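Asker:
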Amino acid sequence: NNSRLGAAKAAAIEFLESYRKGAGRLVALVSFSDGATEACEWKNVSTDEGYQAIAAAINTLSAEGGTNLEQGLDKAQGLLGDSTIPDTASKNIIALTDGKPTYYNEPYDHSWLGIIPDIRPDGDGGDCDEQTFKATKEKAASIRTMGYSLYSICFGAANEEVKNPYTNKKISLFDYLNTYIAPGKTYSANSLTELDSAFGAISNTITTGLSSGTVHDSLPTGVTSSAIPNGTADWDLKDFEKGEEKVGDTTTYTYTKRYTVTIDPTQIPEI
Numbered sequence: 405n406n407s408r409l410g411a412a413k414a415a416a417i418e419f420l421e422s423y424r425k426g427a428g429r430l431v432a433l434v435s436f437s438d439g440a441t442e443a444c445e446w447k448n449v450s451t452d453e454g455y456q457a458i459a460a461a462i463n464t465l466s467a468e469g470g471t472n473l474e475q476g477l478d479k480a481q482g483l484l485g486d487s488t489i490p491d492t493a494s495k496n497i498i499a500l501t502d503g504k505p506t507y508y509n510e511p512y513d514h515s516w517l518g519i520i521p522d523i524r525p526d527g528d529g530g531d532c533d534e535q536t537f538k539a540t541k542e543k544a545a546s547i548r549t550m551g552y553s554l555y556s557i558c559f560g561a562a563n564e565e566v567k568n569p570y571t572n573k574k575i576s577l578f579d580y581l582n583t584y585i586a587p588g589k590t591y592s593a594n595s596l597t598e599l600d601s602a603f604g605a606i607s608n609t610i611t612t613g614l615s616s617g618t619v620h621d622s623l624p625t626g627v628t629s630s631a632i633p634n635g636t637a638d639w640d641l642k643d644f645e646k647g648e649e650k651v652g653d654t655t656t657y658t659y660t661k662r663y664t665v666t667i668d669p670t671q672i673p674e675i
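Numbering (the numbering used here), first residue to last: 405 to 675.
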């Protein structure tokens, strides 16, 4: 409904405000109903221009039709595979839905008629049937297998029921999302406050993850250190001193590792 959509837009923009406070933060937007569309291509929301573009796209979204979460995830997966996005980047998908999946896309092969195969929405549009349940689950699994982090937010619909074809019993939409779509990374929200909290928790998880990683360190000939007994070492960023400097809306992080070295001038190669 419109009030729920308004709350979702407001919370999404609050998320942008938090997430953009760092260098090179890229965001793209996908909308989905009976199908899925790219609502906005990749934008660097660390810049005012990029932020305004995504915010404007969010504000133009409308709520109508069914819920093709499978195709929404498919579009997002395609965007993350874009060759312009560095392989080393932290890649995350946040799927916000206010209802159970009611569609998925299935290829229709008309080659026997001499027609190019196409893909159309399948499902009854009113319930999550077995095919929709499994197709959406499989698409989410393929995303996680690729190493992307997948989060889901169930907004105002946690108690909707979905029939589990594996047990023939009904489960809540929240349980479906938390078990089959984004295990351990699903949030339930029933109000704008709870939605803000869910987005905030995800933003904190993502930005904290950006501060993790391994640094390879090595010493040149003639330089030794007890901290690096074999001349090389791999450091985890958590072992470093972390500093930050904020200039406007951009925060720059600096990591410092301190250790003592001994220099043997007789071993230093002549230049």
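The beta-carbon is built from N, C-alpha and C at its ideal position, and this holds for glycine as well. These numbers come from a predicted model, not from an experiment.
1. Determine the contact status of Thr625 and Pro673, defining contact as a CB-CB distance below 8 Å.
2. Using a Cβ-Cβ cutoff of less than 7 Å, which residues in the same chain neighbour Asp533 once the five nearest sequence positions on both sides are dropped?
3. What residues are listed by DSSP as bridge partners for Asp638?
4. Out of Tyr591, Asp643 and Pro569, which one is the CA nearest neighbour of Leu554?
5. By a C-beta neighbour count over all protein chains shown, 10 Å radius and 16 as the cutoff for buried, is Gln481 buried or exposed?
6. Relative to the C-alpha of Lys646, which residue among Lys661, Pro633, Ile458 and Gly485 is closest?
7. In the DSSP assignment, what residue or residues form a beta bridge with Ile575?
8. Enumerate in chain order the residues of its own chain whose CB-to-CB distance from Trp516 is below 8 Å, with the five nearest sequence positions on each side excluded.
9. Measure from the alpha carbon of Thr628 to the alpha carbon of each residue in Ser607, Val665, Leu596 and Thr441, then state which is nearest.
10. Cα-Cα, which of Thr488, Tyr507, Ala440 and Ser494 is closest to Tyr423?
11. State the Cα-Cα distance for the pair Val566 and Glu445, rounded to the nearest angstrom.
12. Do Ala440 and Lys479 count as a contact pair if the criterion is CB distance below 8 Å?
13. Are there three or more Cβ pairs, one per stretch, closer than 8 Å when the segment 535 to 542 is compared with the segment 459 to 470?
14. Under three-state DSSP, which class holds Glu598?
15. If Val506 and Gly530 are in contact, beta carbons under 8 Å, what's the gap, nearest whole angstrom?
16. For Val619, does the count of other Cβ atoms within 10 angstroms reach 16, so buried, or fall short, so exposed?
17. Where do the ends of the beta strand (DSSP E) carrying Tyr591 lie?
18. Any idea what DSSP makes of Ser437, helix, strand or coil?
19. Which class does Ala499 belong to by DSSP, given the choice of helix, strand or coil?
20. What is the DSSP secondary structure of Phe644, counted as helix, strand or coil?
21. Looking at the unbroken alpha helix (DSSP H) that takes in Leu473, where does it start and where does it end?
22. Can you give the Cα-Cα distance for Tyr389 and Asn634, rounded to whole angstroms?
23. Apart from the five residues on each side of it in sequence, which residues of its chain come closer than 8 Å, Cβ to Cβ, to Arg408?
24. Excluding the 5 residues flanking Phe644 on each side, which residues of the same chain have their C-beta closer than 7 Å to its C-beta?
25. Spatial neighbours of Thr609 within its chain, please: CB distance less than 6 Å, with the 5 preceding and 5 following residues excluded, ordered by chain position.
26. Quick check on the burial criterion: 16 or more other C-beta atoms within 10 angstroms. Buried or exposed for Ile667?
Answerer: The answer reads as follows:
1. Within the sequence shown, residue 625 is the residue found at index 221, counting from 1. Within the sequence shown, residue 673 is the residue found at index 269, counting from 1. For Thr625 and Pro673, yes; Cβs fall inside 8 Å.
2. Start at 1 with the first residue of the sequence shown, and residue 533 comes out as number 129. Contacts found: Gly527.
3. Looking up residue 638 in the sequence shown gives position 234. Beta-bridge pairing links Asp638 to His620.
4. Counting from one through the sequence shown, the residue named residue 554 turns up at place 150. Among Tyr591, Asp643 and Pro569, the Cα nearest to that of Leu554 belongs to Tyr591.
5. For this step, residue 481 is matched to residue 77 along the sequence shown. Burial call: buried.
6. Here the question's residue 646 lines up with position 242 in the sequence shown. Closest by alpha carbon: Lys661.
7. For the purposes of this step, residue 575 is identified with residue 171 of the sequence shown, where counting begins at 1. The partner list for Ile575 (beta bridge, DSSP) reads Val566.
8. In the sequence shown, the residue the question calls residue 516 occupies position 112. Legend: pLDDT at Trp516 = 48, less than 50; position of this residue unreliable, value from coordinates given subsequently. Correct list: empty, nothing qualifies.
9. Within the sequence shown, numbered from 1, the residue matching residue 628 stands at position 224. It is Val665 whose Cα lies nearest to the Cα of Thr628.
10. Against the sequence shown, residue 423 aligns to sequence position 19. Of the listed residues, the one whose Cα sits closest to Tyr423 is Ser494.
11. Here residue 566 corresponds to residue number 162 of the sequence shown, with the count starting at 1. Here residue 445 corresponds to residue number 41 of the sequence shown, with the count starting at 1. About 32 Å.
12. In the sequence shown, the residue the question calls residue 479 occupies position 75. In the sequence shown, the residue the question calls residue 440 occupies position 36. In this structure, Ala440 lies closer than 8 Å to Lys479 by Cβ.
13. no
14. Start at 1 with the first residue of the sequence shown, and residue 598 comes out as number 194. Note: Glu598 maps to helix in three-state DSSP.
15. Walking along the sequence shown from the start, residue 506 turns up at place 102. Walking along the sequence shown from the start, residue 530 turns up at place 126. In the sequence under discussion, the amino acid at residue 506 is Thr, which differs from the Val named in the question. With 8 Å as the limit, Thr506 and Gly530 qualify as a contact, their Cβ atoms being about 6 Å apart.
16. Counting from 1 along the sequence shown, the entry for residue 619 is found at position 215. When all chains shown are included, Val619 counts as exposed.
17. Working through the sequence shown from its first residue, we reach residue 591 at position 187. Element bounds for Tyr591: Thr590 to Ala593.
18. Indexing the sequence shown from 1 puts residue 437 at position 33. Coil, per DSSP.
19. Looking up residue 499 in the sequence shown gives position 95. Here Ala499 sits in strand by DSSP.
20. Start at 1 with the first residue of the sequence shown, and residue 644 comes out as number 240. The answer is coil: DSSP assigns Phe644 none of H, G, I, E or B.
21. The count along the sequence shown starts at 1 and reaches residue 473 at position 69. Residues Leu473 to Leu484.
22. For the chain, the structure presents residues 405 to 675; residue 389 sits outside this window and is missing.
23. Position 4 of the sequence shown, counting from 1, holds the residue named residue 408. Excluding positions up to five away in sequence, the list reads Ala467, Asp502, Phe559 and Gly560.
24. In the sequence shown, the residue the question calls residue 644 occupies position 240. Correct list, in chain order: Tyr659, Thr660 and Lys661.
25. Residue numbering aside, residue 609 sits at position 205 when the sequence shown is read from its first letter. Taken in chain order, the list of residues that qualify is empty.
26. The residue labelled residue 667 in the question sits at position 263 within the sequence shown. It is exposed - the Cβ of Ile667 has fewer than 16 other Cβ atoms within 10 Å.
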